[in-house]
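J.:
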Amino acid sequence: MCPERSGFTKVNNFIVVMLLMTIFATGCGPTGEVRLDMADNGRQIEVEVGQILAISLESNPTTGFGWELVELEDPILQLMGEAEFQPSESKEIVGAGGTEIFRFEVVSTGQTTLTLVYRRAWEDEVEPIETFSVDVIVH
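195 is the number of the first residue of the sequence shown in our numbering; add one for each residue after it.
#1: To the nearest whole angstrom, what separates the beta carbons of Ser253 and Thr309, a pair I think is in contact under 8 Å?
#2: Terminal residues of the continuous beta strand (DSSP E) containing Ser327?
#3: Specify the secondary structure class of Pro281 as computed by DSSP and reduced to three states.
#4: Which residues in the same chain as Glu317 place their Cβ atom closer than 7 Å to its Cβ, once the five residues preceding and following it in sequence are excluded?
#5: Residues in its own chain within less than 6 Å of Arg237 by CB, not counting five upstream and five downstream?
#6: Of the residues Pro322, Asp268 and Ile239, which one's Cα is nearest the Cα of Arg313?
#7: On the criterion of 16 or more Cβ atoms from any shown chain inside 10 Å, does Val330 qualify as buried, or is it exposed?
#8: With DSSP run on the structure shown, which of helix, strand or coil describes Thr256?
#9: Do you know how far the Cα of Pro269 is from the Cα of Phe296?
#10: Could you spell out where the beta strand (DSSP E) holding Glu294 opens and where it closes?
#11: Could you compute how far the alpha carbon of Ile239 sits from the alpha carbon of Ser302?
#12: Would you mind giving the Cβ-Cβ distance between Leu273 and Thr306, rounded to the nearest angstrom? I have them listed as a contact below 8 Å.
#13: Just confirm the distance between the C-beta atoms of Val300 and Val243, as a whole number of angstroms; I'd bet it's less than 8 Å.
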């Protein structure tokens with residue numbers, strides 16, 4: 195065996211091992227987005243500090259209805275700006291609904307209940323027509 199090839203192979207093997215270690219290390223942390231929708235309503239979920247909770251709920255703001263966050267009691271989750279609205283696939287239909295997406299950063303350990311209600315913002319005295327709620331446990 196040629197000594198040059200042996201040294202070259204060792205360097206290649208070292209590089210491959212280092213790349214694999216880097217790939218596996220980046221995939222092991224609590225990063226990432228945990229996606230929830232109405233199918234998760236009433237569930238208990240477990241997340242880690244640093245993750246993002248993304249809640250996607252069907253909505254039709256042209257009717258005056260929208261999802262609102264019920265005040266969070268614990269500083270475990272932090273709302274990341276305004277909800278994002280994504281129109282439905284049928285863009286040609288005037289007044290068609292879509293999806294509201296709320297994103298929350300998981301900032302500390304503990305347990306809290308996250309609740310969103312679907313109602314018209316100006317109808318404070320009227321019960322919401324729909325409620326989404328999950329119990330969140332943060333490790």
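Glycine included, C-beta positions come from ideal geometry on N, C-alpha and C.
T.: The structure says:
#1: The Cβ separation is near 16 Å, so there is no contact.
#2: Glu324 to Val332
#3: strand
#4: none
#5: Val328
#6: Pro322
#7: buried
#8: helix
#9: 17 Å
#10: Gly292 to Val300
#11: 15 Å
#12: Not really, about 13 Å apart at Cβ, beyond 8 Å.
#13: 5 Å
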